[in-house]
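Report on one structure; see the data block that follows.
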Amino acid sequence: MNQSLTTPSSPRTSLLLGIFVLFQLIFLPLANFIQLVPREMPPERGELDIRLQREGTVTDVRLIQGAINSTGTAIDRWGEVSGQPQVWSLFAPGFPTQSIYPIVEGVFPAGFFDDRRAIQPRIPPDPDHYFRWPSWICRLNSYDYLMAAVMQNYTEASFQEHPEEWRTEIAERVRRQQRSLEAYFRFSLTMLQEFYPGYPTPSSMILRVKIVPSPMPGTRERGQPLVVFVARWVPDRPATDGFLPIEAYDPVQQRFVPLAKERE
Amino acid sequence: MSVVVVGPIPRLPRCLEWFATPIPAQRVAAWRIGTGLVLLLDLLMFYLPMSKQLYGPKGLAEPGVFADRFTSPKWNWSVLNWLPVEWGYGFALGIWIVAAVLLTLGCRPRLMALICWILSLSFYNTNFYLHNSGDRIRHFLLLLLIFVPSDAAWSLRRRPRTSEGTTLVSGWPMRLMLLQMMLMYFMNGYYKMLGRMWWDGSVMWYVCLDVAWARWSAPAIPYWVYQGLTWFALIWEVGFPLWVGRKPTRVPALLFGVAFHLMTFFHLEIAAFPLYALCLYLPLAPWERLARRKTDVT
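Protein sequences appear in the order of chains A and B. The numbering of the first sequence is my numbering, which starts it at 34 and goes up by one. The numbering of the second sequence is my numbering, which starts it at 345 and goes up by one.
Set out below in structure tokens:
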């Protein structure tokens, strides 16, 4: 066999490529394993993000903790710039024992009108006998899920035990997701008006979450589905000074409450 | 018969030179074609039909829903921020689709991979809630393709144009992808091990009976089957570095991975995640045998 090896690239290209490969070789394991080492992180703000990093301190020695913090920060920034955040935890540490769906409804003088069910029939009428093809709404499902995610573990028993915790949890989530919730309401209103052009603008729009419990392992019987309120938006209301545009549902008082822009 | 190594070989420390040992060009070409095809499917099926609602005016990303992602100290970025919202997303999506087609065909694949990577990251950051881990795999696949001569085989504009014998390219991308897979599965397995449901074996039961995630209602099979699947998946994930590191278990572990991702693509509502994960497997398959068989036939 006649072998002729050809490498037409310049030494500079090889060097630069070598630096990139070496950097990636260090970055990938480091970005994964540094998550297990406690470090001080800035508080999360804005819409939800994904973060697996253990927070806290590993030592009282500032020099060491500072080095861990700085390394973690550098890793995070490279992950963001290059699109490689190392966040791998699919279905971990557990999986929800109930399914959740957001339902956005317009409130008219005649009563509720559920726009999304008409447009996007995702909720199977019989959860034990259904089939769905892969469809173009797959990506929208991710958005839908995050609108409803606050109620993922909500049960009536849990609410009876911890009503104040649920009140705070819903209010905090609605506060944090103000922008996405407002966009979601506007998007739902646009869809409603496109599909039903004759309808007037609803006086308000309400986000509820339908919860469908899964059967206990080894059984086939599901608990009764539950529908719970989360948030409300009033389309024509002028911006109110001092309050956020989306109101949160208070399950203790059983009414929607405005959220102050500035915390008291 | 000659052996030609196309493209740059990275200069690495002596102890790591094995990392760049050349591999057949067909493996890299298969990775490029697979990634290009999955990207095209993703764009045409999951982005294009709803692009206006997802990225347009009054859409789910407007006005500035994810603006905090672009503020200090974060370094996220998006070229969509520089374009008018009225037509910017459509224009960018058009370019993205054209670049994905050219990438698949192997026409200036490095430039096309760069364009696809820029737009992939931009669409991801501009409407973050639409995306999942599969999209981060997509960024990784495209980022590496920027540095690889993936047109050395099976491309419209092959470079070098003529080459008799065997064409090789540096094997660092394949090994980096394998490292990414090992870390991805191991970390998934590690976090799963922290959960009680993975130990009692109930996770697959709840996955299959979740009406939001599962595309069809679960068949009436005994609970112990679900438990077995749960434990098998956990052992496979957490032990993945070990399984692929040992020759006797390598091929079965990889084949299980392929079957697992195919199953999840059809069964679960997770968009193109499993397909991008499958692209990581492409350089590991002996595609050169296919090329050799074709040569033998002709």
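Glycine included, every Cβ here is placed at the ideal spot set by N, Cα and C. Here the structure is a predicted model, which means the values were calculated and not measured.
{"Item": "Verify whether the separation of the beta carbon atoms of B/Val513 and B/Gly351 is less than 7 Å.", "Value": "yes"}
{"Item": "Between the Cα of A/Arg219 and those of A/Val263, A/Val285, A/Pro268, spot the shortest distance and give me the residue it belongs to.", "Value": "A/Pro268"}
{"Item": "Can you tell me which residues form a DSSP beta bridge with A/Ile136?", "Value": "A/Arg241"}
{"Item": "According to DSSP, A/Arg72 sits in a beta bridge with which residue or residues?", "Value": "A/Glu88"}
{"Item": "How long is the line joining the alpha carbons of A/Leu225 and B/Ala411, rounded to whole angstroms?", "Value": "27 Å"}
{"Item": "Run the CB neighbour count on A/Ala151, radius 10 Å, all protein chains shown included, and call it buried at 16 or more, exposed below.", "Value": "Confidence in A/Ala151 is poor, its pLDDT being 49 and thus under 50, which makes the residue's placement too unreliable to answer from."}
{"Item": "On the three-state DSSP scale, how would you describe A/Met34?", "Value": "In this predicted model, A/Met34 has a pLDDT of only 46, less than 50, meaning its place in the structure is not dependable enough to derive any value."}
{"Item": "Could you tell me how far apart the beta carbons of B/Pro453 and B/Asp479 are, in whole angstroms, since I believe they sit closer than 8 Å?", "Value": "In fact, because the Cβ distance is near 20 Å, the residues do not count as touching under 8 Å."}
{"Item": "How about B/Pro393: is its C-beta nearer than 7 Å to some C-beta of chain A?", "Value": "yes"}
{"Item": "Using a Cβ cut-off of 7 Å (strictly closer), state whether B/Lys396 contacts chain A.", "Value": "no"}
{"Item": "In chain A, what lies closer than 9 Å to B/Lys536 by C-beta?", "Value": "Ser122, Leu123, Phe124, Ala125, Pro126, Gly127"}
{"Item": "Quick one: what does DSSP say A/Pro246 is sitting in, helix, strand or coil?", "Value": "strand"}
{"Item": "Kindly confirm or deny that the segment 433-443 of chain B and the segment 97-112 of chain A touch, where touching means at least three C-beta pairs closer than 8 Å.", "Value": "no"}
{"Item": "For A/Leu178, which three-state DSSP category applies?", "Value": "The sequence shown places Tyr at residue 178 of chain A, not Leu. In this structure, A/Tyr178 counts as helix in the three-state DSSP scheme."}
{"Item": "Tell me the rounded alpha-carbon separation between A/Arg78 and A/Arg209.", "Value": "7 Å"}
{"Item": "Could you give the C-beta distance for B/Leu538 and A/Tyr176, rounded to a whole number, given that I count them as a contact under 8 Å?", "Value": "So it is not a contact: roughly 28 Å between Cβ atoms."}
{"Item": "Please check if any C-beta of chain B sits within less than 7 Å of the C-beta of A/Gly105.", "Value": "no"}
{"Item": "Got a sec, what are the start and stop residues for the beta strand (DSSP E) A/Asp283 sits in?", "Value": "279-283"}
{"Item": "State the DSSP-derived secondary structure class of A/Phe164, mapped to helix, strand or coil.", "Value": "strand"}
{"Item": "Have a look at B/Trp362 and B/Pro517 and give me their C-alpha separation to the nearest angstrom.", "Value": "12 Å"}
{"Item": "According to DSSP, which residues form a beta bridge with A/Gln131?", "Value": "A/Pro246"}
{"Item": "On a CA-only basis, which of B/His611, B/Thr511, B/Lys418, B/Pro618 is nearest B/Val347? Give me that one, please.", "Value": "B/Thr511"}
{"Item": "Hey, A/Leu240 and A/Ala216: beta-carbon distance below 7 Å or not?", "Value": "no"}
{"Item": "Just to confirm, are A/Trp121 and B/Met531 a CB contact at a threshold of 7 Å?", "Value": "yes"}
{"Item": "With distances taken Cα to Cα, identify the nearest neighbour of B/Glu632 among B/Trp426, B/Ala497, B/Phe610, B/Leu474.", "Value": "B/Ala497"}
{"Item": "Between the alpha carbons of B/Thr470 and B/Trp421, how many angstroms are there, rounded?", "Value": "8 Å"}
{"Item": "With a cut-off of 7 Å, does the C-beta of B/Trp587 fall near any C-beta of chain A?", "Value": "no"}
{"Item": "How is B/Val347 classed by DSSP in three states: helix, strand or coil?", "Value": "strand"}
{"Item": "Less than 7 Å separating the beta-carbons of A/Val285 and A/Arg200?", "Value": "yes"}
{"Item": "Does B/Pro354 come within less than 7 Å of chain A when only Cβ atoms are used?", "Value": "yes"}
{"Item": "Just the Cα atoms here: how many angstroms apart are A/Ser168 and B/Leu626?", "Value": "25 Å"}
{"Item": "Just the chain B side, please: which residues come within less than 8 Å of A/Phe220 by C-beta, in chain order?", "Value": "Gln397, Lys402, Gly403, Leu404"}
{"Item": "Would the beta-carbon of A/Pro135 be found less than 6 Å away from any heavy atom of the ligand GDP?", "Value": "Questions concerning the ligand GDP fall outside what the structure shown contains, since it holds no ligand whatsoever."}
{"Item": "Starting from A/Val245, find everything on chain B with Cβ-Cβ shorter than 9 Å and list it in chain order.", "Value": "Asp554, Val555, Ala556"}
{"Item": "When the Cα atoms are used, what is the spatial distance from B/His611 to B/Tyr529?", "Value": "20 Å"}
{"Item": "On the three-state DSSP scale, how would you describe B/Pro453?", "Value": "helix"}
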